[in-house]
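Chains as they are written, first to last, in the working numbering: chain A, 341 to 872; chain B, 110 to 426.
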Amino acid sequence: MTALAGTGALTRLALRRDRIMLPVWIYLIVIMAASTVSSTKGLYPDVASRAQLASNTNSTPALVALYGRVYDPTSLGAVSMLKLNVLGAIAAAALSIVLVVRHTRADEESGRQELVGATAVGRRAPLTSALTVMLSTNLTLAVLCALGLTIAGLPVAGSAAAGLAWGGVGVVFGAIAAVVAQLTAHARTATGYSFAALGAFYLIRALGDASGSGGPRWLSWLSPIGWGQQFRPYAGNRWWVLLIMVAFAGVTTVVAYSLVSRRDLGAGILPDREGPARAAPGLRGAVSLWWRLQRGSVLGWTIAFVVLGAALGGIASNVGNMVGSQQAHDFITKLGGEKGITDAFLATDMVFASIFAAAFGVQAIGRLRAEETGQRAEPVLATAVSRWRWAAGPVLIALLGGAVMLLLTGLTSGAVYAMQSGDGAQLGRLAGAALVQIPAAWVVVGVVVLGYGLVPRFTSLGWAVLVVFLLIGEMGPLLRLPQWAMNLSPFAHTPKLPGTTWSATPLLWMLAIAAALVGAGLWAFRRRDLTS
Amino acid sequence: MNEAISVSGLVKTFGRTRALDGLDLTVRPGEVHGFLGPNGAGKSTTIRVLLGLLRSDAGIARLLGGDPWRDATTLHRRLAYVPGDVTLWPNLSGGEVIDLLGRLRGGLDPRRRDELLERFELDPKKKGRAYSKGNRQKVALVAALASDAELLILDEPTSGLDPLMEEVFQEYVRAERGGGRTVLLSSHILSEVEALCDRVTIIRKGRTVETGTLSELRHLTRTSIRAELAGPPDGLENLPGVHDPEVKDGTFKCEVDTARLDGVLRRLTEIGVRGLVSQPPTLEELFLRHYQDDLRENGQGGSPGSPGGGGAEAGSR
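Right, here's the structure in full:
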C-alpha cells in the first residue's frame, strides 16, 4: 500500500485549500434547487396546470432539447425538475472537474506536487486524495440536495433520487477529468478537454431527447447527463441507473490509475514536440505574442460557435412543425418573442450564444492574470512594452473574438435556416440578431477587465458574475425577482431578435458602459503594482 | 546626475510589511555593481521598482536619467533584465522566446545570439515546459546578453547554472564591462561578486548597510592576530579597534579592525614579538557579519556601534 502513503494528509490539505469554495458551491446548488421547487409550487399549484406545462414542453422539441422531458406530468417534483435536473447535473459536473484537475494536474504543473512527492507520499496518493475529495463532495451534495428538496415539500424518495442523480453525474465527470488530467501536461488543457466532454455529452443528450419515436432516442443513454435525467426523480425513481453511473465511473477511474503508473511526474501521455529554433517574423509584439498564446483557444471556441449556429439553424427549420398544440404555441410565445414561434426560439437561443461569447471573453481576460501570477508578464513588461499595450492583447481578443464568434453563429444559423426554408432573407435577419448580442457580452468583458485592473484576484469573479447573470435570466422570472434585480443583467437589455421591433438605445448604452469599464480597468492596471 | 542608477530613501510597503525602508543605491556608468543581502532583504523589490513594475511609496529613484515608473517604456529600450526565477511560456520554444524578447526590446544581434547559444550549450528548439531550471535561466541570459542594451539588470542570474556555465557567464559580463556597459548584479555567490564587481552595495531589511569598492569594504572588517609576546601584554586590550582579546601563556589573540591595524602592530613591537600569525579579512566574513545582524541585535556580538560588531561569530565559522 506504499503507493497510497500520505493520501490522508493530502486529502486534509485539499480540504483546507477548498474550505471556502466547496461550501459556497454546494450551498448555491442546494439553494437553487429548494427555491426552484417553492416557486414552481406557486406557479403551478394544481395537477391541471402542471399537466398543461408538461404537455407543452414535451411536445416542443426545442425545449426538450434544451432541458429534457417531464416524465410525470402530475408530479410537482417532476415538473420542478424540468430545468433543475440539467442545471444541477452541469453544476455538479463542473465542480467535480474543477476539483479533480485542481488537485492533480494543476498541482503537478506548478511544481507543488514535486515538493510534496519527495516526502513520504505514494505515487497514487495525489490522484486518490483528489478522487476522495471529489467523491465526498458529491456525496455531501447529494445528501444536502435531497434534504433541501424534502424540506421544500417534495417526497423523500424522489428527493433522494434527484440528489443521487446529480451526485452521480458529478462523480462520472470527476472520473473523466481524472483520466484527462493524466493525458495532458497542462491544467488548462485538462480543464478545457473535460468541459468539452461535458458539452459534447450535453449535445448528445439533446439530440437523443429531441428525436421522435423513430429517431435515435438511444443517444440519451450514451450521455451521463442523460443518465441523470433517466434516473427520473419523482417519476418512477429508477434507482438502477445509479449502477450505470457507478460502473462507468469505476472503469474510468481504473483507466486513470493505470495511466498514473505509466507516466513520469510532470509529463502527459501525449508527447512534447520540438519547436522552431527561431521566432517567425510575425512574432514581434505584445499583441502577436498574445495571439500566439490564445489562438488555439480561439480556434476551439470558433468551431463550437459554428456548430452551435448550424444546430440552431437546423432546429429552427423544424420548430414550426414540431409544436403540438395551441397552448404550446402560446407558451413558447410567452417565453420570449411576440411574433413567430421560430423567432421566439431563435431569440432565446441567441441569448445563450451571447452568454457563451461572454464566457469566452472571461476566459481570455483570465489569461492576463495567469500570465501575471505565472511571472511571465514581468520579462515582457521589462522590455519596451507599455502596460497598455500588454493588456490590450487579451482585451482585443476577448472583444473582437467574441464579436466575430457571434457573427459566425448568426451567419451559420442563418445560412442553414435559409437553405432549409428557402427564405434567403433569413441570413441577414439572423446575422443581425446575433450582432445585437455583442454589447451585452462586451459589458461582461468590461466587468472582468475592471476587476483585473483593480485587484487581479478579482479576475476569477468574472465567472461568478456570468453565472449570476445567467441565473437571473433563466431563473429570475420563476423566482419572481424584482424588475430592478433582473435589470442588473446586461443580457436582459438585449433586444429579443429576430422578430420584435427594437431600439438601438439600450445597445448604445451598453457599448458606452463596456467602454467605460474597459477604460477604467486598463487605467487602474496602469497604476497598480505588478503582483508576483 | 549622470549615474546609471541613483536611488535614495526608497520606501515600498506591502500591507504591513515594509519591504524597502529608506534604501540607497548608486550605480555609476560602466561599472559592474554587486547588489547583496540576505533572502528577503529587498533586492528583487528594488529591482522591480527600478523596472517600473512596482510603484515606490517614497524616496527618489532615477534610472538612466529617467523616472522608472513614468518613463518605463522608453527606458526599457536601453536595458535588459534577467529575472531570478525565469518562467517560460510552455508552448514557445527557447529560440522563439529569445527572438521575441529581443524584438520587444527593439532588436538583437543575430550573430551574437548564435554565438551565445553555442557557448551556453542551449538547444533553442525545445519548448518552454521541457527546459530545466538552469536552461530556462540560460534562455533569459542569452536574450539579455544578445541585446545591445546599455544597462543589464541581473537578479541572481546564475542560480541553477553549473560551474562551467557560471564561468561562461563571468566571461561575458567581463566583456560587457570592457564594452562600457553598466551591470547591476544581484547575487549570493561571493566568488562571482569578487570576480566581477567593481563596487558592491549590501542591504538588509530594506536598508543599505554598506556600500563601496571591495577594498574599501575589506577595510571595514577585521584582521585576526595571534602573537607570542616577549613581555606582558600591558595596554593591548584597551587599544582602539581591538576586539575579543585573550591572553594565555604569553600568547595574545584578538581581532583588530583593519583600519586600526597600524596602532596595534606598533604596540606589539614595543612589547616585543616572538611569533606572529595574522589572517586577512575575507569577504565571507564581511557578508556574514551583515547577514547575521540578527544575532548582534540579540546581544551576542561585540560592542554595538563598532563596525565589526558580529565579526566574532563570523570568524569562528
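Where a beta carbon is used, it is the ideal one built from N, C-alpha and C, also for glycine.
{"Check": "Three-state class that DSSP yields for Gln-388(B) in the structure shown", "Outcome": "strand"}
{"Check": "Residues from the segment 232-243 of chain B in contact with chain A, defined by Cβ distance under 9 Å", "Outcome": "Asp-232, Pro-233, Lys-234, Lys-235, Lys-236, Gly-237, Arg-238, Ala-239"}
{"Check": "Test item: CB-CB of Ala-620(A) and Pro-233(B) under 8 Å", "Outcome": "no"}
{"Check": "is_contact[Pro-192(B), chain A] using C-beta, thresh 8 Å", "Outcome": "yes"}
{"Check": "Given Leu-254(B) as reference, the closest of Thr-291(B), Lys-242(B), Tyr-240(B) once Cα atoms are compared", "Outcome": "Thr-291(B)"}
{"Check": "Contacts of Pro-616(A) in chain B (Cβ-Cβ under 9 Å)", "Outcome": "Ser-202, Gly-204, Glu-205, Pro-233, Lys-234"}
{"Check": "is_contact[Asp-180(B), chain A] using C-beta, thresh 8 Å", "Outcome": "no"}
{"Check": "Interface residues of the segment 702-720 of chain A facing chain B [CB-CB below 9 Å]", "Outcome": "Glu-711, Gly-714, Gln-715, Arg-716, Ala-717, Glu-718, Pro-719, Val-720"}
{"Check": "Touching by the beta-carbon criterion (3+ pairs, under 8 Å), the segment 768-786 of chain A and the segment 743-758 of chain A", "Outcome": "yes"}
{"Check": "Reference Gly-370(B), options Thr-322(B), Asp-194(B), Ser-387(B), closest by Cα", "Outcome": "Looking at the sequence shown, residue 370(B) is not Gly but Leu. The residue with the shortest Cα to Cα distance from Leu-370(B) is Ser-387(B)."}
{"Check": "Gly-203(B) versus Pro-266(B): straight-line alpha-carbon distance, rounded", "Outcome": "17 Å"}
{"Check": "Among His-142(B), Arg-171(B), Phe-144(B), the one whose alpha carbon lies nearest that of Leu-119(B)", "Outcome": "Arg-171(B)"}
{"Check": "Rounded straight-line distance, which links the Cα of Val-195(B) to that of Leu-225(B)", "Outcome": "18 Å"}
{"Check": "Gln-409(B) classed as buried or exposed, judged by whether at least 16 other C-beta atoms fall within 10 angstroms", "Outcome": "For Gln-409(B), the predicted structure reports a pLDDT of 44, less than 50, and the residue's modelled location is therefore unreliable. A value from the coordinates is still provided. Classification of Gln-409(B): exposed, given that the 10 Å Cβ count is below 16."}
{"Check": "Beta-carbon proximity list for Ile-169(B), same chain, < 8 Å, skipping 5 on both sides", "Outcome": "Ser-115, Val-116, Ser-117, Gly-118, Leu-119"}
{"Check": "Contact with chain B by Val-725(A), beta-carbon distance below 8 Å", "Outcome": "yes"}
{"Check": "Residue from Tyr-281(B), Arg-376(B), Leu-134(B), Tyr-400(B) whose Cα sits closest to the Cα of Arg-222(B)", "Outcome": "Tyr-281(B)"}
{"Check": "Sequence-distant residues of its chain with Cβ nearer than 6 Å to Arg-707(A) (five each side left out)", "Outcome": "Pro-734"}
{"Check": "Pro-177(B) at chain A interface by Cβ criterion, 8 Å", "Outcome": "no"}
{"Check": "Separation of Leu-648(A) from Tyr-757(A), as counted between CA atoms", "Outcome": "13 Å"}
{"Check": "Three or more C-beta pairs below 8 Å linking the segment 633-653 of chain A and the segment 375-389 of chain A", "Outcome": "no"}
{"Check": "Presumed contact (8 Å Cβ cut-off) between Thr-593(A) and Ala-518(A), rounded CB distance", "Outcome": "6 Å"}
{"Check": "CB contact below 8 Å: Gly-139(B) versus chain A", "Outcome": "no"}
{"Check": "Classification of Leu-740(A) by the beta-carbon crowding that lies within 10 angstroms, buried from 16 upward", "Outcome": "exposed"}
{"Check": "Segments of 4+ residues assigned as alpha helix (DSSP H) that fall wholly inside the segment 190-242 of chain B", "Outcome": "203-214, 219-228"}
{"Check": "Exposure of Ile-491(A), with buried meaning 16 or more beta-carbon neighbours within 10 Å", "Outcome": "exposed"}
{"Check": "Terminal residues of the alpha helix (DSSP H) in which Ile-298(B) lies", "Outcome": "Note, Ile-298(B): premise wrong, no alpha helix (DSSP H); not H, not E."}
{"Check": "Neighbour flag for His-526(A) against chain B, beta carbons, 8 Å", "Outcome": "yes"}
{"Check": "Cβ neighbours of Ala-717(A) in the same chain (closer than 6 Å, five flanking residues each side left out)", "Outcome": "Glu-711"}
{"Check": "Stretch pair the segment 432-447 of chain A + the segment 507-518 of chain A: three plus CB contacts closer than 8 Å", "Outcome": "yes"}
{"Check": "According to DSSP, residues forming a beta bridge with His-352(B)", "Outcome": "Glu-364(B)"}
{"Check": "N- and C-terminal bounds of the beta strand (DSSP E) containing Ala-128(B)", "Outcome": "126-136"}
{"Check": "Minimum Cβ-Cβ distance from Leu-633(A) to chain B less than 8 Å", "Outcome": "yes"}
{"Check": "Amino acids of chain B, ordered along the chain, whose beta-carbon sits closer than 9 Å to that of Arg-624(A)", "Outcome": "Asp-208, Leu-209, Arg-212, Leu-213"}
{"Check": "Where the beta strand (DSSP E) through Thr-351(A) begins and ends", "Outcome": "Note, Thr-351(A): premise wrong, no beta strand (DSSP E); alpha helix (DSSP H) at 347-357."}
{"Check": "Tyr-400(B) versus Arg-313(B): straight-line alpha-carbon distance, rounded", "Outcome": "7 Å"}
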